[in-house]
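If you count the sequence shown from 1, position 125 lands on 482 in my numbering, and the numbers rise without skipping.
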Amino acid sequence: MSTAIEINDLSKRYGSFTAVDRLDLSIEEGEVFGFLGHNGAGKSTTINMLLDFVRPTAGNIEIFGHDIQSNSVETRKQMGVLPEGYSVYSGLTGRQHVEFAMESKGVDGEPLAFLDRVGITDAADRDADGYSKGMSQRLVLAMALVGEPDLLILDEPTSGLDPAGAKAMREIILEENERGATVFFSSHILEQIEAVADRVGIMYEGQLAAVDTIDGLREMAGGETKILVTLGAGIEGRPEMVQTGDGAAAQSETVGDGGEASHLATIDAIDAVENAWVEDDGRYGITCIKEDRMDILVALNELDVEVRDFTIEEPSLEDLFVEYTRRSE
């Protein structure tokens, strides 16, 4: 597979402040890459260097094999861009904005088709200067989609959008990727990235703290797995015997009545369980390392506790983000 973006030893310094510090990153064609980090982490500076809006202090960037600094105009013809801090043109309607983008890229067609994709057809002939922030965001996205670009670079694309607009944005990203476009987008909204990204890069204080698939990040972080279980009673009429940490058998607090204390004591005494509690809905919560999750369910079965239902929850992207930024600190 060919490389869409190749970043090598990229740095950007402003006086004594280092915004991006020796960044190395490779993104394959056809990939949806989520760029995650707090405000000030270096995301937007990196994107501005990708677009040649800002020149790096050191390092280089290639887009589809072409150096962005020496081939800036030609390379940008392959891109659709929704930048940070965009502004619409006063005195031009939404339709005229899209027509301008079509003329710039030499694209024929109907401007309303692009406005329809982003859900602002009704405002096509209104002055875009009067659009809300969310509508302006949609308009600039419509312009970015003109010409079926090979690479979409989107900086905080859901900023200013309501939940329905954010959902529509995710759908457009997936549609463009299905068409064959590579998508590079930054966000501080974790669920937006988790919903669409093939891989995620976590920026922290100008450096790439981690980059992998979300599953790969979970493996690297070694985060806890949570199990939510619905339990039946132990064997009727006899005490539930549990295996304690030192291998000895002990009688649980109540006998075979399915009582809350009985089950909680049974669960808590299993070696692989790190924490156990009772949820408001009556299910039992358990945390453990990923490798032990099925062993715990087997252990409950061997202790004659009926597992009626269970749900396994892996660490969320938010959990992983906290873990990797903690490590970077």
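Backbone N, C-alpha and C fix where the C-beta goes; we use that ideal spot for every residue, glycine too.
Worksheet entry | Secondary structure of Q426, DSSP reduced to three states | coil
Discussion item. Given this structure, state the Cα-to-Cα distance separating N632 from L588, to the nearest angstrom.
Written reply: 17 Å
Worksheet entry | Selection from L511, I627, D482, F421 that minimises the alpha carbon distance to Q549 | L511
Discussion item. My output table needs one value for V612: the three-state DSSP class, helix, strand or coil.
Written reply: Residue placement at V612 is poorly supported in this model, since its pLDDT is 37, which falls under 50; the coordinates still yield a value, given next. Reduced to three states, the DSSP call for V612 is coil.
Fill in: Helix, strand or coil at N632 according to DSSP, with G and I counted as helix
strand
Worksheet entry | Buried versus exposed call for G372 [16 or more other C-beta atoms within 10 Å across all chains shown] | Taking every protein chain shown into account, the CB of G372 has fewer than 16 other CB atoms within 10 angstroms, so this residue is exposed.
Worksheet item: How is F390 classed by DSSP in three states: helix, strand or coil?
Response: DSSP, reduced to helix, strand and coil, places F390 within a strand of the structure shown.
Worksheet entry | In chain order, each alpha helix (DSSP H) run of at least 4 residues that lies wholly inside the segment 511-575 | 520-536, 547-553
Discussion item. For S368, report the span of its beta strand (DSSP E) as first-last.
Written reply: 360-371
Worksheet item: In the structure shown, what three-state DSSP assignment does A398 receive?
Response: In this structure, DSSP gives A398 a state outside helix and strand, which the three-state scheme calls coil.
Worksheet item: Among P413, D409, A361, which has the Cα closest to the Cα of V563?
Response: It is Gly, not Val, that sits at residue 563 in the sequence shown. If we check each option's Cα against that of G563, P413 comes out closest.
Worksheet item: Cα separation between V655 and I627?
Response: 11 Å
Worksheet item: So is K400 buried or exposed if we call it buried at 16+ other beta carbons inside 10 Å?
Response: buried
Worksheet entry | Bridge partner(s) assigned by DSSP for D484 | T450
Worksheet item: Hey, how far is the Cα of E670 from the Cα of I643?
Response: 10 Å
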